[in-house]
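Each remark here refers to the structure printed beneath this line.
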Amino acid sequence: MYVLFYYRFCRNFVKFVQRRNHDESHCFGGQQHPGENELPSGTGPQLLCGGRGQKILFDTGFSDLFLKNAQIPGIDLTDLDAIVFSHGHDDHMGGLYHLMEYYKARQVEEKVDLILHPNALCPKCLNGKNMGNVLSPELLEGYFNIIPVSGSYALTPHLTFLGQIPRVLEFENTHFKVVTKLNGDWEEDKLLDDASLVFDGEEGLVILSGWAHAGICNTVEAAWARLALPAGLKFTPSPFKRPVFHSFKTASRA
675 MYVLFYYRFC RNFVKFVQRR NHDESHCFGG QQHPGENELP SGTGPQLLCG GRGQKILFDT
735 GFSDLFLKNA QIPGIDLTDL DAIVFSHGHD DHMGGLYHLM EYYKARQVEE KVDLILHPNA
795 LCPKCLNGKN MGNVLSPELL EGYFNIIPVS GSYALTPHLT FLGQIPRVLE FENTHFKVVT
855 KLNGDWEEDK LLDDASLVFD GEEGLVILSG WAHAGICNTV EAAWARLALP AGLKFTPSPF
915 KRPVFHSFKT ASRA
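Taking our numbering, the leading residue of the sequence shown gets 675, the next gets one more, and so forth.
Take a look at the structure:
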């Protein structure tokens, strides 16, 4: 398996990690300024997961940066097996338009599976400003096979889309000021489209989280797993950290 991720934290650059087989890994970056083999970070994570001839893109970030970053290690994105979205915010889905242009320029005819929660394509706004997908389903269907999934979905024998995550822990704040348009009406967005990937490896399960809007502890409970977290989390002030860490320790085990 290999995982490629890049993210913006404090305007720094984080590492490009490529892992193949079980113990071989290559790290580039982690410096203030990117060098020849380093990937500049951007808004929103983008991960490339794969193994045994399969390639799955998890989120696209906000811009075309993931396309430029893929060129550095020589990754070809014209032969993806699937694209999966953690949720429908523009800093995770915004790069989809650039991927369509990328496919158009290279005359890619075969459609790629696009896997996401049914609510992920619904309009979303924060304080009157758009923060959701702006591409129509009709336009997307010209390039992708749209597969809306609410429950878990096996992407490979070892990689699963977790689907909608139940809110079972009261201490996790999963309410935001975002609104979404469902069935023609604007309403509070409960972010039910938030999902994660779960990788079943030899040492247990690994959760790949886009932003954990559903609550990372809720996500852990949903995955019933031991975990690692190589993606975006937002910790609220310190009084809330203790129950989070306690939940990690007491989470159900696979």
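We put the CB at the ideal spot given by N, CA and C, even for glycine.
| Item | Value |
| --- | --- |
| Length of the line joining the Cα atoms of Tyr827 and Ile746 | 31 Å |
| Glu895, buried or exposed, once every other Cβ within 10 Å from all chains shown has been counted against 16 | buried |
| With 16 other Cβ atoms within 10 Å as the buried cut-off, status of Ser824 | exposed |
| Close beta carbons around Leu999, own chain, < 7 Å, minus the five adjacent residues each side | Here the chain comprises residues numbered 675 to 928, so residue 999 is not present and cannot be evaluated. |
| Alpha carbon of Leu751 to alpha carbon of Gly768, nearest angstrom | 16 Å |
| Proximity of Ala869 and Leu836 at Cβ, strictly below 8 Å | yes |
| With 16 other Cβ atoms within 10 Å as the buried cut-off, status of Asp863 | buried |
| Whole-angstrom distance between Ile881 and Pro797, CA atom to CA atom | 27 Å |
| Beta-carbon separation (whole angstroms), Phe740 vs Leu871, contact threshold 8 Å | That pair is no contact at about 16 Å. |
| Simplified DSSP assignment, three categories, for Ala744 | helix |
| For Val758, the residue or residues it bridges with in DSSP | Phe732 and Ile789 |
| Cut-off 7 Å between Cβ atoms - residues of its own chain near Ile839, not counting five sequence neighbours on either side | Asp868, Ala869, Ala888, Asn892, Thr893 and Ala896 |
| Alpha-carbon to alpha-carbon, Arg780 and Ala744 | 15 Å |
| With 16 other Cβ atoms within 10 Å as the buried cut-off, status of Asn793 | buried |
| Three-state class that DSSP yields for Lys855 in the structure shown | strand |
| Residue range of the unbroken alpha helix (DSSP H) whose run includes Ile628 | Coverage of the chain is limited to positions 675 through 928, which leaves residue 628 absent and any answer about it impossible. |
| Tyr827 (DSSP reduced to helix, strand or coil) | strand |
| Beta-bridge partners of Lys803, as assigned by DSSP | Leu800 |
| Supposed close pair Phe873, Leu865 - CB separation, criterion 8 Å | Not a contact, Cβ separation roughly 23 Å. |
| Collapsed DSSP secondary structure at Glu876 in the structure displayed | coil |
| C-alpha distance - Asp738 paired with Gly816, whole-angstrom precision | 19 Å |
| Exposure of Asp753, with buried meaning 16 or more beta-carbon neighbours within 10 Å | exposed |
| Beta-carbon proximity of Ser760 to Gly875, cut-off 8 Å | no |
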